[in-house]
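Worksheet for the structure shown next.
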Amino acid sequence: MIKYFDLKRINASFGEDLKTALNRAANSGWYIRGNEVEQFENEFAAYVGTNYCIGVGNGLDALTAVLMAWKQLYSWNNGDEVILPDNTFIATALAVTRAGLTPVLCEPHREIPTIDETQIERHITPLTRVIIPVHLYGLMCNMDAINKIAKKHHLKVLEDACQAHGAIYSSNAQLQLSTLFGRRAGNYSDAAAFSFYPAKNLGCMGDGGAVTTNDAELAERVRAITNYGQTEKYQHDYDGFNSRLDELQAAVLSVKLHRLDKDNTRRIEIAHYYSTHICHPAVELLPDITDNSHVYHIYAIKCKNRNYLQQLLLEHGIQTQVHYPISIHRQKAYSQYANLHLPISDHWADDELSLPLSPLMTDEEVQTVVNTINQNIF
Ligand SMILES: Cc1ncc(COP(=O)(O)O)c(C=O)c1O
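Residues in the sequence shown are numbered from 258 upward in steps of one, following the numbering used here.
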């Protein structure tokens with residue numbers, strides 16, 4: 258069986274390092290907001306290139322906390338609007354709703370999975386406050402265009418970087434190979450949210466998340482909001498909730514962060530192999546992007562017979578997934594959006610299939626996936 262993502266194998270590959278870190282954290286006698294979290298926050302901020310990183314409980318809370326913080330700081334009203342793509346994981350929309358704001362759903366591109374920046378401006382109204390570009394599947398959005406639109410209309414930009422740890426974006430594609438010229442996901446806007454869910458490119462051993470930003474006031478408010486709105490012990494100045502990265506997860510993340518770039522390089526290598534070797538009339542490949550602006554959290558193909566192909570691959574011992582079969586406007590939880598006409602988002606939901614991809618896949622496994630697709634009729 259070629260697993261979609263073999264988490265046991267991934268974690269085992271860190272050997273004694275993970276056990277040592279977990280033992281250290283477990284034996285420290287301090288489990289919330291201690292040395293491990295502080296160290297990881299500093300390391301991750303340095304890695305992303307931002308001044309601040311705040312560890313939180315998960316990606317949904319990271320998104321929610323930033324929106325709540327801005328709402329408090331700028332006295333936004335309930336119902337003010339946030340533009341986000343319709344083809345994303347539900348958490349992007351839930352965060353907006355939880356903060357008392359209104360999601361405004363935008364189409365993605367047809368060829369690539371990210372929000373279509375040319376469609377954003379037509380959604381802007383006097384109530385618009387934020388744009389959330391989601392770096393879906395690990396591919397960074399067109400941040401230059403999005404930041405330009407935001408600047409013109411005085412909007413905030415919150416990157417949903419939950420699938421794009423380590424991706425680097427530069428306006429000049431030639432320079433994208435280097436962090437000297439490009440900037441990492443999480444450092445290309447006013448603030449960013451990360452998830453460290455176990456299967457992410459940087460994942461812990463439970464739930465975890467972080468906010469990154471260069472804005473000192475926002476960082477301070479997010480830290481307070483995610484700690485019951487507390488500013489000093491038992492002094493609660495703001496509305497808040499409890500969502501903190503814990504010491505054990507931070508210890509795991511510090512170990513794994515050191516291998517993130519290497520793992521992403523291997524992901525890109527596998528993706529490139531898929532893109533240059535899969536050849537089948539029923540399969541539509543996405544552009545082969547190898548410049549680090551895509552860190553291939555997910556390797557997506559499109560196929561009109563998606564469900565049939567998924568079953569066929571499973572019968573050949575190959576696990577796949579679909580990201581995501583139901584777009585936001587078709588979810589029951591958002592039935593008020595059911596009448597929206599978003600055909601490109603529908604097309605992604607109907608046709609997308611995610612092939613197995615993990616940095617530890619062997620060349621033979623990758624070849625087996627390719628051969629099984631190329632040699633079958635569907
Ligand atoms: C695009 C996107 N946004 C938000 C989230 C939410 O992160 P979490 O599962 O840590 O709450 C995820 C991950 O699951 C995600 O993929």
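The beta-carbon is built from N, C-alpha and C at its ideal position, and this holds for glycine as well.
Whole angstroms is fine: what's the gap from residue i's alpha carbon to residue j's?
| i | j | result |
| --- | --- | --- |
| L612 | D496 | 42 angstroms |
| D548 | L393 | 16 angstroms |
| V361 | P342 | 8 angstroms |
| C419 | Y454 | 9 angstroms |
| G614 | Y556 | One point to set straight first is that residue 614 is Leu, not Gly, in the sequence displayed. Straight-line Cα distance between these residues: approximately 7 angstroms. |
| T483 | G460 | 20 angstroms |
| T488 | E474 | 13 angstroms |
| E541 | C560 | 6 angstroms |
| G466 | F297 | 11 angstroms |
| E621 | S500 | 42 angstroms |
| F498 | Y485 | 4 angstroms |
| Y321 | A356 | It should be pointed out that residue 321 corresponds to Thr in this sequence rather than to Tyr. Going from the Cα of T321 to the Cα of A356 covers about 6 angstroms. |
| Q506 | M462 | 6 angstroms |
| I630 | E300 | 41 angstroms |
| H674 | K490 | Because the chain in this structure spans residues 258 to 635, residue 674 falls outside the shown range and cannot be described. |
| L324 | K409 | 20 angstroms |
| G291 | Q492 | 20 angstroms |
| E338 | D373 | 18 angstroms |
Can you tell me whether residue i is buried or exposed, with buried defined as 16 or more other CB within 10 angstroms of its CB?
| i | result |
| --- | --- |
| N564 | exposed |
| A269 | exposed |
| Y304 | buried |
| Q431 | Caution is warranted here: a pLDDT of 49 is assigned to Q431, below 50, making its placement in the model unreliable, and no coordinate value can be reported. |
| A283 | exposed |
| L502 | buried |
| R266 | exposed |
| L571 | exposed |
| H554 | buried |
| C310 | buried |
| T375 | exposed |
| C536 | exposed |
| Q433 | With a pLDDT of 47 at Q433, under the threshold of 50, the modelled position of this residue cannot be trusted; read the value that follows with caution. So Q433 ends up on the buried side. |
| W287 | exposed |
| A528 | buried |
| E364 | buried |
| P616 | buried |
| H586 | buried |
Assuming contact is defined by CB atoms lying nearer than 8 angstroms, are residue i and residue j in contact in what I supplied?
| i | j | result |
| --- | --- | --- |
| F346 | Y581 | yes |
| N404 | P370 | no |
| T307 | T470 | yes |
| D464 | A448 | no |
Grouping DSSP H, G and I as helix and E and B as strand, with all else coil, what is residue i?
| i | result |
| --- | --- |
| S270 | coil |
| V361 | strand |
| L341 | strand |
| L514 | helix |
| Y426 | strand |
| D417 | strand |
| Q431 | Caution applies to Q431, whose pLDDT of 49 falls short of 50 and renders its modelled position unreliable; the model cannot decide the point. |
| T382 | coil |
| F297 | helix |
| Q487 | strand |
| L542 | strand |
| P613 | coil |
| Q376 | helix |
| Q329 | helix |
| V552 | coil |
| N315 | coil |
| R440 | strand |
| A481 | helix |
| H604 | helix |
Could you check if residue i belongs to the surroundings of ligand 1, using beta carbon to heavy atom distance under 7 angstroms?
| i | result |
| --- | --- |
| C419 | yes |
| V468 | no |
| T345 | yes |
| T354 | no |
| L475 | no |
| S584 | no |
| T619 | no |
| L415 | no |
| Y454 | yes |
| A507 | no |
| A322 | no |
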